[in-house]
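These notes are about the structure you will find just below.
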Amino acid sequence: MVGKIRVAVNGYGTIGKRVADAIRLQDDMDVVGVVKKSPDYGALLALKKGFNLYVPTQDDIDKFEITGIQVSGTLEELLENVDVVVDATPGGMGAKNKQIYTRFPHVKQIFQGGEKPDVAEVSFSSLCNYKEALNKASARVVSCNTTGLLRLICTLGNHFKISRVRAVLIRRAADPREVKKGPINSINLNPPRLPSHHALDVKTVVPWLDIVTAAVVVPTTLMHVHHVAVRFSEGGVTREDILRVLEDARRIVLVKSAVTGIKGTAQLIEVARDLRPRNDIPELVVFEDSVHVEKDELMLFQAVHQESIVVPENIDAIRALTGIEPDPEKSMSKTDSTLGLSKKFFLL
Ligand SMILES: NC(=O)c1ccc[n+]([C@@H]2O[C@H](COP(=O)([O-])OP(=O)(O)OC[C@H]3O[C@@H](n4cnc5c(N)ncnc54)[C@H](OP(=O)(O)O)[C@@H]3O)[C@@H](O)[C@H]2O)c1
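According to the numbering used here, the sequence shown is numbered sequentially starting from 36.
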């Protein structure tokens with residue numbers, strides 16, 4: 036590819052606006068435009084940040100211009116001038132948008148975890164299967180929970196033979212800016228019937244894995260927390276072995292509760308509020324004191340910042356699909372250093 040990769044970000048909400056900012060930090064790609072459906076504060080913010088603003092259809096142009104918000108054109112006009120579209124529209128809408136994207140065969144397509152797996156040629160997790168996505172026409176970056184589970188599973192799987200994974204997901208009810216979602220006073224089974232869909236989603240990337248997940252949703256907006264139990268098929272794995280692997284692992288940070296006083300998501304986010312744009316934590320956070328090995332089984336608690344954990348994976352997916360960087364490690368190193376991911380984040 037000659038010059039920088041030209042990217043459209045369709046959907047400028049929780050994920051889209053973060054991906055757009057992250058693209059701007061790369062030296063091998065540019066945001067040509069972002070697409071918004073509603074002429075609201077989010078559209079004004081996109082303009083204020085200097086993004087070219089596009090809308091889904093010609094009808095939407097009138098809707099925006101009545102409110103005085105100038106737009107650069109429609110999604111289809113934007114697609115004429117890009118190499119990649121990152122679809123960050125609400126779950127299920129990506130599949131509908133695909134019908135538009137396929138009219139632009141030169142444009143590679145990246146979808147998010149709210150879409151069904153068959154929306155794309157490959158479900159993507161940088162640490163697990165970057166090379167599978169090389170030069171493909173489309174990829175689906177798996178959901179925030181699945182990205183968190185896969186970061187742990189693929190990191191451990193590179194060092195130990197995993198025989199099975201069982202995980203309980205404690206999910207946040209809504210993102211901080213969302214005003215219509217709940218529950219606000221209940222812990223809901225999500226779903227009541229086991230297994231939850233997260234295990235199936237993990238299997239879209241590692242189909243051979245024996246994994247069962249269960250999930251509840253709780254009244255918080257900050258982060259998800261997972262309790263994960265990993266059984267190994269060989270005995271002799273120690274807590275120290277696990278900690279050594281996690282200490283060296285990319286995109287995973289250990290937080291020492293006894294040393295820092297951090298015992299939950301409010302404190303994690305408080306650190307990020309002081310140190311990070313939008314209090315984002317794209318790293319998977321593993322609570323070091325919870326790491327426990329009993330016979331052949333590891334148990335631990337980990338936390339997932341749902342708004343930002345998939346952002347590095349979207350950047351890597353752009354490089355993989357375009358083939359501009361065939362080496363996963365090189366792409367991830369570049370992404371991690373530009374986004375400021377840090378192994379030492381919670382050591383302050
Ligand atoms: N939020 C998370 O925690 C999270 C984590 C990982 C993955 N994901 C996945 O990422 C995807 C996006 O989720 P999100 O949370 O970022 O959603 P979101 O905050 O609701 O943002 C969606 C954006 O898409 C725009 N949009 C709606 N209809 C559109 C259309 N027809 N054409 C173009 N844009 C349209 C919305 O525009 P308006 O605001 O103008 O209406 C909004 O800017 C979903 O697949 C979701 O499952 C979300």
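Glycine is no exception: its CB is placed at the ideal position from the N, C-alpha and C atoms.
No experiment lies behind these values; they were computed from the predicted model shown.
Simplified DSSP assignment, three categories, for residue i
i: ARG334; result: The sequence shown places Met at residue 334, rather than the Arg named in the question. In this structure, MET334 counts as strand in the three-state DSSP scheme.
i: ALA174; result: strand
i: ALA307; result: helix
i: THR273; result: coil
i: ARG228; result: coil
i: LEU88; result: strand
i: LYS166; result: helix
i: THR244; result: With the sequence shown as reference, residue 244 is identified as Leu, and Thr is not the correct amino acid for it. Note: LEU244 maps to coil in three-state DSSP.
i: LEU204; result: strand
i: ASN223; result: strand
i: MET258; result: coil
i: HIS233; result: helix
i: SER368; result: helix
Cβ shell of residue i (< 7 Å), same chain only, five flanking positions each side left out
i: PRO74; result: LYS98, PHE99, THR102, ILE104
i: VAL142; result: LEU114, VAL117, ASP118, VAL119, VAL120, TYR136
i: PRO211; result: THR256
i: ALA130; result: GLU150, LYS151, VAL154
i: VAL328; result: VAL272, THR273, ARG274, ILE277
Same chain, Cβ closer than 6 Å to residue i, five either side skipped, listed in chain order
i: LEU257; result: THR300, ILE304
i: ALA234; result: ILE246, VAL247, THR248
i: PHE159; result: ALA168, ALA174, VAL176, ALA352
Beta carbon of residue i nearer than 8 Å to that of residue j
i: HIS259; j: ASN349; result: no
i: LEU335; j: VAL241; result: no
i: HIS261; j: GLY183; result: yes
i: VAL42; j: VAL67; result: yes
i: VAL321; j: LEU289; result: yes
Cβ-heavy atom distance, residue i to ligand 1, below 7 Å
i: ILE277; result: no
i: SER73; result: yes
i: GLU156; result: no
i: MET386; result: Lying outside 36 to 383, the shown extent of the chain, residue 386 is not represented and no answer is given.
i: ASN348; result: A quick correction: the sequence has Glu, not Asn, at residue 348. Result no, Cβ not under 7 Å from ligand 1.
i: ILE47; result: The question names Ile, but residue 47 is Tyr in the sequence shown. Because some heavy atom of ligand 1 lies under 7 Å away, the Cβ of TYR47 counts as near it: yes.
i: GLN105; result: no
i: ALA43; result: no
i: GLY148; result: yes
i: ASP210; result: yes
Near ligand 2: residue i beta-carbon under 7 Å from a heavy atom
i: CYS179; result: With respect to ligand 2, the structure offers nothing, as its ligand set consists of ligand 1.
Spatial neighbours of residue i in its chain, beta-carbon cut-off 8 Å, leaving aside the 5 residues before and after
i: ILE375; result: According to the sequence displayed, residue 375 carries Gly and not Ile. Result list for GLY375: ARG311, in chain order.
i: GLU360; result: ASP63, ARG354, SER366, LYS369
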